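The block underneath contains the structure these notes are about, expressed in structure tokens.
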Amino acid sequence: MRQSSKGVRGVSSLVASLAAVGCMWLAWFVAWAAVGDPYVVPPVGETVGEIFALFGSADYWLAFGMTLSRAAAAWALSCAVALALAALSAVWGPLRAFLSAFVAVMRTLPVMAVTLMLLIWSSRTAAPIIVASLTLVPITYAQFMAAYDGIDCRLVEMAAVYRLPPSVRLFKIYLPQALPPVLAQAGANLSLSLKVVISAEVLSSTFRSLGGMISEANMFLRTSQMFALTVTVLAAGGLIEWLFSRLKLITAKWSGEEQA
Amino acid sequence: MKLTNIVKRYPGCTVFENFSLDIAEGEVTCLLGPSGAGKTTLLNIIAGLTPCEGQVPAVACSYIFQQPRLVPNLTVRGNLRLVCMDGSAIAAMLGRVGLSDKASAYPKTLSGGQARRVAIARAFLYPAPVVLMDEPFTSLDLALKLDMMNAFAAAREGDGRTAVFVTHDVDEALYLADRIVVLAAGRVVLDRPNPRGSAFGAQSALREELVSCLLSLR
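Spelled out as structure tokens, the structure:
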């Protein structure tokens, strides 16, 4: 019974996702028909053809790989900084209050303005990584702190009374409780990192990047290529979030959420 | 175990002011008293969870909390392995508390009574000379309460550890304790040995004394 209800839920979720994609394609088709200018809204068929052309191009895959690696680097850097700050805040309470003001300011950073400033101070390759890291650090820090706050303090007391070793506390109590919510957000963070990196690449016309390709397509009015690149970025973002949602299911089992 | 001149204050409230209590080794001491008397605070002080002024012996304790506090991602066996690595001791203890068939079960699949029995098993598997219990039988029906108290007695069998437990229930105290201490406003107002095994009348008289003492404290 449980298996079959899971199967039904999976099928209905797939149908809903396909319906949403269908609606988007329909909206695109209606916009194309209404505008009637392929330089403003390109036809769906031409864009699909452009996507396949991109998939066959070595330059695209090189740009895709470079952009993805910049996004991954920015994400990893933000995770490392946020983890260090969260660990220090957990150990020393006043730091948390001190950092909350910084976090509030960093959350409101205007990406475009910061990118332009970073172009003065750093290279076209480094600027997208730095700006994406600056965008992600406050978000990731807040998520780590929320995960830390979510650890059951009654279990922490139990561990203290029974004098459990630090490694046992970490791997059997803290991580199984803290990891699922962190991983649930990690996919969205990496996807956001990809978007911010591409925005910064567009602005800084980074060599060998998806943003650079979008910028170039815009310059030469290759609207269908711009749409094709945007669709592939959307697909990559979706794929990243899906992969992390699979990871979340694995950690949910580890944390006991699945054993009801 | 000797607690001497304990002072514990919270902002705007003094729980203990020079409080002292001797707890005999190997005895089951019950702390009775109205809410706010400082019973749970005293257990937390003994366990080292609540800092205070005064002299508290630094002994290792196992603690049966009001809630079982089992780690949800570990099986019953996994929870017990946190405090004891000896598989045969775990199996024997699970047998004593009547949970041999639940070793591989996860806490979410256990009933409230079963989870509490796991907590009792964990407390007695942990090699500490003192066992603390904070209202472990509250909100259980009579049959389950008796079942749990028997599980406690079985787990303690041949063990002879010092136990301190907090309850609001006079009958629980008379059933399990060797000594009953009534606390009120951070001081001892009554301290009596439990005449278990003696003539029926002796325990009955103590029950009456305890009830009238508790009523007078309301």
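So the sequence lines, in the order shown, correspond to chains A and B. Position 26 of the first sequence, counted from 1, bears residue number 30 in this note's numbering, the numbering being contiguous throughout. Position 168 of the second sequence, counted from 1, bears residue number 255 in this note's numbering, the numbering being contiguous throughout. For every residue, glycine included, the Cβ atom is placed at its ideal position computed from N, Cα and C. Source: prediction; values computed, not measured.
So with Cβ pairs under 8 Å, would you call A/LYS176 a contact of chain B? yes
Below 8 Å between beta carbons is the criterion; list the residues of the region 124 to 158 of chain B that meet it against any residue of chain A, in chain order. ALA134, GLY135, LEU136, ALA147, CYS148, SER149, TYR150, PHE152, GLN154, ARG156 and VAL158
Using C-beta distances below 7 Å, list every residue in its chain close to B/GLY125, excluding the 5 sequence neighbours before and after it, in chain order. VAL102, PHE103, LEU270 and GLY273
Alpha-carbon spacing of A/VAL237 relative to B/ALA134, whole angstroms: 56 Å
Does the pairing of the region 238 to 250 of chain A with the region 185 to 192 of chain A give three or more beta-carbon distances under 8 Å? Contact check between the region 238 to 250 of chain A and the region 185 to 192 of chain A: three or more CB pairs, one atom from each, fall below 8 Å, which counts as touching.
Check the DSSP bridge columns for B/SER149 and list the partner residues they point to. B/VAL218
Got a sec: which bits of the region 214 to 248 of chain B sit with their beta carbon under 9 Å from any beta carbon on chain A, in order along the chain? Within the region 214 to 248 of chain B, the residues whose Cβ lies closer than 9 Å to some Cβ of chain A are ALA215 and LEU219, listed in chain order.
Looking only at its chain, what residues have a beta carbon closer than 6 Å to the beta carbon of B/PHE152, apart from the 5 residues adjacent to it on each side? Its chain contains ASP221 as the residues whose beta carbon lies nearer than 6 Å to that of B/PHE152, once the 5 sequence neighbours on both sides are disregarded; these appear in chain order.
For the putative contact between B/LEU157 and B/ALA206, defined by C-beta atoms under 8 Å, what is the C-beta separation to the nearest angstrom? 7 Å
On the three-state DSSP scale, how would you describe B/PHE252? strand
Taking only beta-carbon atoms, is A/PRO180 less than 8 Å away from chain B? yes
Does the region 182 to 189 of chain B come close enough to the region 253 to 268 of chain B to have 3 or more Cβ pairs within less than 8 Å? no
Would you tell me roughly how many angstroms separate the C-alpha atoms of A/ALA94 and A/SER82, rounded to the nearest one? In a straight line, the C-alpha of A/ALA94 is about 18 Å away from that of A/SER82.
Test: B/VAL170 CB closer than 8 Å to a CB of chain A: Interface residue, yes.
Since B/ARG274 is in the beta strand (DSSP E), which residue starts that stretch and which ends it? 274 to 280
In whole angstroms, give me the CA-to-CA distance for B/ALA179 and B/GLU296. 40 Å
Please state whether DSSP places B/ASP109 in a helix, a strand or coil. strand
What does the alpha-carbon distance come out to for the pair B/LEU304 and B/LEU119? Distance between the alpha carbons of B/LEU304 and B/LEU119: 11 Å.
Can you grab the Cα-Cα spacing for the pair A/ALA239 / A/LEU123, in whole Å? 29 Å
Partner residues on chain A for B/LEU161, Cβ-Cβ distance less than 7 Å: What B/LEU161 touches in chain A: LYS176.
Counting Cβ pairs closer than 8 Å, one from the region 160 to 169 of chain A and one from the region 108 to 118 of chain A, do we hit at least three? no
Quick one: residues in its chain with C-beta nearer than 7 Å to the C-beta of B/GLN201, no 5 flanking neighbours on either side, listed in chain order? LEU186 and LYS189
What do you reckon, are the CB atoms on B/ASN160 and A/PRO180 nearer than 8 Å? Going by C-beta atoms, B/ASN160 is nearer than 8 Å to A/PRO180.
Where B/GLN154 falls: helix, strand or coil (DSSP): coil
I need the straight-line Cα distance from B/PHE106 to B/GLY141, nearest angstrom please. 9 Å
Can you check which of these residues, A/GLY241, A/ARG13 and A/VAL206, is closest to A/VAL119 by C-alpha distance? A small fix is needed here, since residue 119 of chain A is Thr in this sequence, not Val. Minimum Cα distance to A/THR119 is reached at A/VAL206.
Assuming A/ALA78 and A/ALA136 are in contact, meaning their beta carbons sit under 8 Å apart, how far apart are those beta carbons, in whole angstroms? 4 Å
Find the nearest neighbour of A/GLU54 within the set A/ALA232, A/ALA35 and A/ILE134, judged by alpha-carbon distance. Check the Cα spacing between A/GLU54 and each of A/ALA232, A/ALA35 and A/ILE134: the tightest is with A/ALA232.
With 16 other CB atoms within 10 Å as the buried threshold, where does B/TYR345 fall? The shown model of chain B, from 88 to 305, leaves out residue 345 of chain B, and the question about it has no answer.
Could you give the C-beta distance for A/THR51 and A/SER219, rounded to a whole number, given that I count them as a contact under 8 Å? Contact flag wrong, Cβ pair sits at about 18 Å.
For the region 136 to 214 of chain B, which segments carrying the alpha helix (DSSP H) assignment without a break, of at least 4 residues, lie completely within its bounds, in sequence order? 163 to 168, 174 to 183 and 199 to 212
Going straight from the alpha carbon of B/LEU301 to that of B/VAL276, what length do you get? One Cα belongs to B/LEU301, the other to B/VAL276, and the distance between them is close to 10 Å.
Taking the alpha helix (DSSP H) that A/ARG111 falls in, what are its first and last residues? Per DSSP, A/ARG111 belongs to the alpha helix (DSSP H) from 97 to 111.
Please return the same chain residues whose Cβ sits closer than 7 Å to the Cβ of B/ALA242, not counting the five positions on each side in sequence. Take B/ALA242, set aside five residues on each side of it, and the residues of its chain with a beta-carbon closer than 7 Å to its own are MET180, ARG183, VAL184, ILE207, ALA208 and PHE211, in chain order.
Three-state secondary structure (DSSP) of B/ILE93: strand
Delimiting residues of the alpha helix (DSSP H) encompassing B/THR128: Residues 126 to 134.
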